[in-house]
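Using UniProt numbering, the letters of the sequence shown map in sequence onto residues 1 to 260.
Using N, Cα and C, we set each Cβ at its ideal position, and we do this for glycine too.
Computed from a prediction, not measured in an experiment: that's the story for all the values here.
Step one of this worksheet: look at the structure below.
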Amino acid sequence: MNTFENRFAGKVAVVTGAASGIGYAIARRLIQEGASVLAADLNTERLDAIQGELGERFFGVKANVTVENDIEEMVSAAVKQFGKLDLAFNVAGASRAGVITELSEKDWDFTVDLCMKGVFLSMKHEALEMAKHGGGAIVNVASLNSHVPMYAGSAYASAKAGVEMLTKNGALEMARNGIRVNAILPGLIDTPLTAELLSNADIKEAYMERIPMKRAAQPEEMTGPALFLASDDAGYVSGSSLIVDGAWATTGYPDLSRWF
1 MNTFENRFAG KVAVVTGAAS GIGYAIARRL IQEGASVLAA DLNTERLDAI QGELGERFFG
61 VKANVTVEND IEEMVSAAVK QFGKLDLAFN VAGASRAGVI TELSEKDWDF TVDLCMKGVF
121 LSMKHEALEM AKHGGGAIVN VASLNSHVPM YAGSAYASAK AGVEMLTKNG ALEMARNGIR
181 VNAILPGLID TPLTAELLSN ADIKEAYMER IPMKRAAQPE EMTGPALFLA SDDAGYVSGS
241 SLIVDGAWAT TGYPDLSRWF
């Protein structure tokens, strides 16, 4: 992974879901490239540990992205700590699986609220702050499942498809305030959220049959695409969805029905 020294020097970013996985990898690379990062997550113990690792340009706050007051306080904390807000990476997400005829309303609401409502609330308050100072860039983490259905994943796939459309709508509405909004659509990533999945040899084999590059990505491999979309090099890119999946979208999703 190549980093660009001082590419984001003087910039202030918010990263949700920053305690692990893609969110942590993005926060760490932003620090490496000169930014200051307000990191939001529910796992405050992990945020404290990252603070010790990354130093004074990293500041963690506890936030539930499905609660609007938490998001307002998250943005306010970024401004209080670092003086402004230039960039935002909306990463927080998780899923509770179940086929449509068996999925509980509670599990549907958990997944859709976290994956889509959380992005909506984050975009809303990030953009309100950015608009005060001439604009900025927002990068949302959607999923390959924005385009490809997954057995027992209706809530997740629907929410991530919603994130992709929120991204496009945000790009349309926020351009007048100098704010660009884009999304990355990761494929299979080796994170704590997929650890149980990848530990099952048969399920892993089913995925590898579909992924031409024959492996899951590491979270760090999502940072280059995400930071590119936030950088000046993408200054005329807005409303775009960048699929980062090892060519998986060319083949379709594996049949997971045998495991449900």
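Query	Result
Please identify the residue among Arg28, Gly17 and Ile71 whose C-alpha is closest to the C-alpha of Asp4.	First, the residue type needs correcting, since residue 4 is Phe and not Asp in the sequence shown. For the residues Arg28, Gly17 and Ile71, the minimum Cα distance to Phe4 belongs to Arg28.
Would you list the one or two residues that DSSP bridges to Leu87?	Ala13 and Ala137
Using only CA atoms, which one of Met130, Ser143, Leu197 and Glu220 lies nearest to Asn177?	Met130
If we require 4 or more residues per run, which alpha helix (DSSP H) segments fall completely within the region 19-51?	21-32
Relative to the C-alpha of Gly17, which candidate in Thr101, Ala249, Thr66 and Gly83 has its C-alpha closest?	Thr66
Could you tell me the alpha carbon to alpha carbon distance between Ile189 and Ile22, rounded to whole angstroms?	9 Å
Can you list the beta strand (DSSP E) stretches of 3 or more residues lying completely in the region 177-259, in chain order?	179-186 and 241-244
Report the rounded CA-to-CA distance for Thr111 versus Ala159, giving the unit in angstroms.	7 Å
Start and end of the alpha helix (DSSP H) containing Phe82?	Glu68 to Phe82
Which residues mark the beginning and the end of the alpha helix (DSSP H) in which Gly162 is found?	Ser154 to Met174
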